[in-house]
Structures are given as C-alpha cells and as structure tokens.
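Below is one structure, written out as structure tokens; comments come after it.
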Amino acid sequence: MKLGIVPGNLVERLALLSGMLPPGIFECWLGIMLARTVMAATKLDIFSFVSNVQRCLEPVIMWPNALSFPARMADRRPNVRRHPRLPRKRTWKRVAKWLSRVATSRSSTMVSQAEAQQAPQKLTEATEADLLFLIANVRDYAIVLLDHEGRVCSWNKAAEQIKGYKAQEVLGKHFSIFYPPEDVEAGKPAHELEVAAEQGRFEDEGWRVRKDGSRFWANVVVTSLRDQSGLLRGFGKITRDLTERRKAEEEARLTRDELNQRVKERTGELAKVNASLKAELAARKRAEEAIRELSTPVLPIRDRLRVLPLIGIIDSVRALQLTEQLLGSIRTHRAKAVVMDITGVVVVDSKVANHLLQTVEAARLMGAKVIVSGISSEIAQTLVRIGVDLSGLLTATDLRAGLEEAEQLIGHQAPTSREPAGSRPRA
Amino acid sequence: MPVPILKQGGCLIATVQATISDSDWRELQEGLLTRVGQFRSRGVIVDVTELDVMDSFATRTLCGIADAARLRGATTVLVGIQPDVAYAMVQLGLTARFQRVSTALDLEEGLAYLNGRDRRAEEDDDRG
Numbered sequence: 001m002k003l004g005i006v007p008g009n010l011v012e013r014l015a016l017l018s019g020m021l022p023p024g025i026f027e028c029w030l031g032i033m034l035a036r037t038v039m040a041a042t043k044l045d046i047f048s049f050v051s052n053v054q055r056c057l058e059p060v061i062m063w064p065n066a067l068s069f070p071a072r073m074a075d076r077r078p079n080v081r082r083h084p085r086l087p088r089k090r091t092w093k094r095v096a097k098w099l100s101r102v103a104t105s106r107s108s109t110m111v112s113q114a115e116a117q118q119a120p121q122k123l124t125e126a127t128e129a130d131l132l133f134l135i136a137n138v139r140d141y142a143i144v145l146l147d148h149e150g151r152v153c154s155w156n157k158a159a160e161q162i163k164g165y166k167a168q169e170v171l172g173k174h175f176s177i178f179y180p181p182e183d184v185e186a187g188k189p190a191h192e193l194e195v196a197a198e199q200g201r202f203e204d205e206g207w208r209v210r211k212d213g214s215r216f217w218a219n220v221v222v223t224s225l226r227d228q229s230g231l232l233r234g235f236g237k238i239t240r241d242l243t244e245r246r247k248a249e250e251e252a253r254l255t256r257d258e259l260n261q262r263v264k265e266r267t268g269e270l271a272k273v274n275a276s277l278k279a280e281l282a283a284r285k286r287a288e289e290a291i292r293e294l295s296t297p298v299l300p301i302r303d304r305l306r307v308l309p310l311i312g313i314i315d316s317v318r319a320l321q322l323t324e325q326l327l328g329s330i331r332t333h334r335a336k337a338v339v340m341d342i343t344g345v346v347v348v349d350s351k352v353a354n355h356l357l358q359t360v361e362a363a364r365l366m367g368a369k370v371i372v373s374g375i376s377s378e379i380a381q382t383l384v385r386i387g388v389d390l391s392g393l394l395t396a397t398d399l400r401a402g403l404e405e406a407e408q409l410i411g412h413q414a415p416t417s418r419e420p421a422g423s424r425p426r427a
Numbered sequence: 428m429p430v431p432i433l434k435q436g437g438c439l440i441a442t443v444q445a446t447i448s449d450s451d452w453r454e455l456q457e458g459l460l461t462r463v464g465q466f467r468s469r470g471v472i473v474d475v476t477e478l479d480v481m482d483s484f485a486t487r488t489l490c491g492i493a494d495a496a497r498l499r500g501a502t503t504v505l506v507g508i509q510p511d512v513a514y515a516m517v518q519l520g521l522t523a524r525f526q527r528v529s530t531a532l533d534l535e536e537g538l539a540y541l542n543g544r545d546r547r548a549e550e551d552d553d554r555g
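Heads up: the sequence lines are chains A and B, in that order.
In terms of my numbering, the first sequence opens at residue 1 and continues consecutively.
In terms of my numbering, the second sequence opens at residue 428 and continues consecutively.
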C-alpha cells in the first residue's frame, strides 16, 4: 500500500497496517480537533472560522506567484491565479452558504461551549420569583394589592413613579389617600370597593392625587380577589397615568378647532370671491345677450306687420339666431307679414343663404308671409346657384316697396296657403 | 288617446295632443272624414299647437286628411305649428308634401281664413 504520509498515531499506524483505515484520516481528525479548539478559544462560529482560515491561508498558498510577479507585470496578465488543486471561489461560496444555513437553523449548537455554559436557563415555566419580578418591575402600570378593607399591602415601581410615594411610606395606609378630597367626601373609594366586591371589577377614569398634591388623570381598574371558596381576600388595583394622553387629546382638540376656524374663514373668503366672479359672469352674459338681441331685432310697424332689418355679415351663428327671433316673434306677436330687409348685407355664403330660405319656408308653415327686400346682385346669384325652388319667394326692391307689398297682403286678408292660382284673392 | 273633434259653425276643429300615436292619427283621419259627411262641414281645422314632434307619418296623414276632405268638399287648415317644429320640418324636407295644405298661425287665424273663403265663395256665386 502506498503511504503518502507518515502516521504519527500508534492506533492509526496499526489500522493502516491492517488495511482498515484509508490514508489521510488521521490528518482529517487532527484538523477537526484543532478547528474545534480554535473555535472554542476564539469563540467564533464555524462560518467565521472557515472564512478566516481561507483568508489566512491565501498568502501561504499563493506565495509562488511572487516569483513570477515581474514577468506578470510586464505581460499585463491577470496577477493572481488560484492553485488548481484548491477549490474554486464558487465552491468556497457554496460551503459558506451551507454553513450559514446550518448556523442559523441550529443556533444553540453553534455557540461555543464556554458561552453555552454561561447563558441563563430558558424560561419554560415562571416561578413565583419571576412573577414578583414582573410585577415589581413593570413601568407603566401601578399594580397595588389592597386588603379586604382597602389598605395597601403591596407596592411596585410604577406606583412609586406615578403616585410619588415610596413603598415604606404607603404600606398599611388606606388607598383613599390617593383620591382628591371631594371624592373622598363623596365616598368614592368605598363605592369602588363595593362595586368591585359585587361585580368582580370596577373601572374608572378620574383625577387622582400624587404625594406632592398634584393631580393626574388616571385609568383605574379595581378587581376583587377571591380564593377557591369564594371568600374575598382582597383587591387588586391597577392604575395607569393618562395625563399625557389627556394632554395630547386636549391639544389635538385645540388644533382641530383652530383648523376648523381657519377653514371656515378661508371658505368664507372663497365664497365671497366666487360670488363676485359669478356676478361678473352674469353681467357679461347679460351684455352678450343684449348685443345678440340687438343684432337681429324684429321691429313692429303695424299690428300684424314686422320688419327685420339685417346689417353686416351673417354667419351661421347669427343665422340661427335670426331664425329663432323671427319664428319666435311670429308666434308671440301673431305677425302675419314680416319684411326681411337685407340691403345692409353685401354677401352671404350658400349655407347661410339656404338657411335663410328655410327660415322663410318655416315662417310660411306658421302662417306668416315673409318678404325679402333689398337683395343685392351677389346674393341674388348665390340664391340662384343654390338651386332651390325660388318661385314661392316674395321679394321687393327695397324696404319701402317691401312694406307696401306687406300692407297690401295684410289689408286683403290674403290666404296663407299655397294652393293653385284658382283661389288667389281678387283685388 | 282619441283626438277630440268639435263642431264650430260650419267647421270641424280637431285638437291634437302631444302624446298622439300612429293609430290615433288613423282614427283621426277616419273620424274627420266621417264627420265631414255627417255635419256637411265646409272646413276642417287641425290644431297641432301641442305637438312637439312632427314626423313623416304625421305629415303624410295630414296631407291625406286634406286631400280626402277636399274630395268631400271641405278645406283643411293646419294651425299652430311651433317654431321649432316648423324649422325642423323645413330642414328635413317634409314641407314638400305641404304644398297642398293650408296653414295658419293659430285657431283664430284659421277660422278667419275659412270664413273669408266662404265669404269670397259667396261673392263669387253672387257675382257669377
């Protein structure tokens, strides 16, 4: 058998000779023992130990690279290279990961022996001493034991802090010393004990008095303590100082009120601004309405005769308005004839012209006759170009002629139908 | 809802409500024509003041009423077309049919027109 190493251990030597152990086992065992000793001595966990080993061994293993340093610098090759027999970086990483997993899952065993011996026992069940420890050291709740008559039997740190008395000063005294004089006169302490004895507990929020006479707002729960047979042994009084909470509540309320006030003021201002804006808008709207009404006025001449003088440019908006005004006026004032004078209109586009013709038609449908006067040559050509039947359209040269014709029409009570010539009125 | 038809002198007056349906239009047509024969009326006035919507069916029925009434010797006048309705009808091109139908602004005008026609007819008769 090939012996690569010389065993120093007698036992191993014998084992190797007998062929039981493979070579290198001793070295492994020695290494493990050494590692354990080091870990115990340095109080490191296995993960830190292994990474330390790696870091420490690195120069030892890599020192041959020093020989080729000049050559490597000249060559500008990568400076260091892992020895091929050593594990790769990723293998180190994997080992480290595994070790850390093991470490977190079995934390108690990763602690070194010395530390484990010093750690205190785990709390599986609380002993009496522990409970006393708890009650004595609680900081926020004053837990006081009262006997069946209400005298103080026990005291704790929080009670000292909240009420200001030290334990020696207060043991044996009646618990009504913690109440303000008016409550004592009203018999509140006795009442509390009564209720607690009857119903099992009594909860209250109220003013209490400290040793120095200052008052604090407290939440108190008094519980009656009965033993197995139901005999009242005493009372437990748990007090909590709510002064801060009350102060915070008061402050919050003040802030809220202030905010509400400010909001109200701001709203008032905004409402005023809003109102003024609305008034402005309304005024502007009225002005626009007035302008619009002025632009296509339907003026009364006689009882059943109206004139609609148009001046300027008629766009589609104005044309719509014109229709509305004309037809509305016919309905409201029961006009029989309307003279639409367009002397002041130089040119209209074909859409508006069509619209005007339709308006005339609609007025006829309502039983009124429309005479269009003052058609300029351009408009005449536009009307012809549209291609609508113009035979029924009543026209006049100018406003005067139009008015004369309209009076004629009304005077003769002319029919508003479009029946054939047979029924035309006789002059 | 049936349309009420009233007799006023020699005229029949039918006032159409806003909620008229197609069957009501047909009933109106039949009713008017029957009564024209029954009362020997010379004129028929259809008041559409309440009507917000004039569709093509209504238009067709009204033209039918006018033609049939003329065949029976009565003149039909359509009164009280609302401005919006009139403009809508013109835009939709429904007025092509209305060439044969007379229109008036309201009931008063319509009656005046019919009486005027009667008077002129009498004058013609007297003269001729």
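We treat Cβ as the ideally placed atom computed from N, Cα and C, and that holds for glycine.
Query, Result
"Identity of the residues DSSP links to residue 216 of chain A by a beta bridge", "A:208"
"9 Å Cβ cutoff, residue 549 of chain B in contact with chain A", "no"
"Assumed close pair residue 46 of chain A, residue 86 of chain A - CB separation to whole angstroms, cut-off 8 Å", "That pair is no contact at about 20 Å."
"CB contact flag (residue 477 of chain B, residue 504 of chain B, <9 Å)", "no"
"Alpha-carbon to alpha-carbon, residue 502 of chain B and residue 548 of chain B", "12 Å"
"Cβ contact (3+ pairs, closer than 8 Å) linking the stretch 484 to 492 of chain B and the stretch 291 to 303 of chain A", "no"
"Beta-carbon proximity check, residue 519 of chain B vs residue 472 of chain B, cutoff 9 Å", "no"
"Endpoints, the alpha helix (DSSP H) within which residue 28 of chain A is located", "25 to 42"
"Residues bridged to residue 239 of chain A [DSSP beta-bridge criterion]", "A:142, A:220"
"Under 9 Å by beta carbon: chain A residues contacting residue 536 of chain B", "334, 336, 367, 416"
"Proximity of residue 296 of chain A and residue 318 of chain A at Cβ, strictly below 9 Å", "yes"
"Continuous beta strand (DSSP E) stretch holding residue 373 of chain A: start and end", "369 to 373"
"Within-9 Å CB hit, residue 324 of chain A to chain B", "yes"
"Range covered by the beta strand (DSSP E) that runs through residue 383 of chain A", "From DSSP, residue 383 of chain A is part of no beta strand (DSSP E) but of the alpha helix (DSSP H) over 377 to 386."
"Proximity test, Cβ basis, 9 Å: residue 441 of chain B and chain A", "no"
"Range of the contiguous beta strand (DSSP E) that encloses residue 434 of chain B", "432 to 435"
"Other residues of its chain near residue 337 of chain A: CB distance less than 6 Å, five sequence neighbours each side excluded", "305, 369, 406, 409, 410"
"Residue 339 of chain A vs residue 390 of chain A beta-carbon contact at 9 Å", "no"
"Local conformation of residue 303 of chain A per DSSP, three classes", "coil"
"Proximity below 9 Å, CB of residue 451 of chain B to CB of residue 480 of chain B", "no"
"Beta-carbon gap between residue 459 of chain B and residue 496 of chain B smaller than 9 Å", "yes"
"Residues of its chain near residue 492 of chain B, where Cβ-Cβ distance is below 8 Å and the 5 sequence neighbours each way are ignored", "455, 456, 459, 460, 471, 473, 503"
"Spatially closest choice to residue 216 of chain A from A:179, A:189, A:235, by CA coordinates", "A:179"
"Assumed close pair residue 506 of chain B, residue 537 of chain B - CB separation to whole angstroms, cut-off 8 Å", "4 Å"
"Cutoff 8 Å; reference residue 151 of chain A; Cβ partners in own chain excluding five residues on either side", "172, 173, 174, 175"
"Closest Cα partner of residue 145 of chain A within the set A:235, A:199, A:290, A:95", "A:235"
"Where residue 330 of chain A meets chain B, residues with beta-carbon distance less than 8 Å", "510, 532"
"Residue 102 of chain A versus residue 238 of chain A - alpha carbon distance", "46 Å"
"Span separating the alpha-carbon of residue 469 of chain B from that of residue 508 of chain B", "22 Å"
"For residue 147 of chain A, the three-state DSSP class (helix, strand or coil)", "strand"
"Proximity winner among A:283, A:323, A:218, relative to residue 208 of chain A (alpha-carbon distances)", "A:218"
"Exposure label - residue 402 of chain A; buried when at least 16 CB within 10 Å", "buried"
"Where residue 108 of chain A falls, given that 16 or more other Cβ within 10 Å makes a residue buried", "Bear in mind that the predicted position of residue 108 of chain A carries a pLDDT of just 47, short of 50, making it unreliable; the figure below should be weighed with that in mind. Classification for residue 108 of chain A: exposed."
"For residue 201 of chain A and residue 189 of chain A, the rounded distance between their alpha carbons", "13 Å"
"Chain B contact residues for residue 321 of chain A, given Cβ-Cβ distances below 7 Å", "Neighbours of residue 321 of chain A on chain B: none; closest Cβ ~13 Å, over 7 Å."
"According to DSSP, residues forming a beta bridge with residue 556 of chain B", "This structure cannot speak to residue 556 of chain B, because chain B is shown only from 428 to 555."
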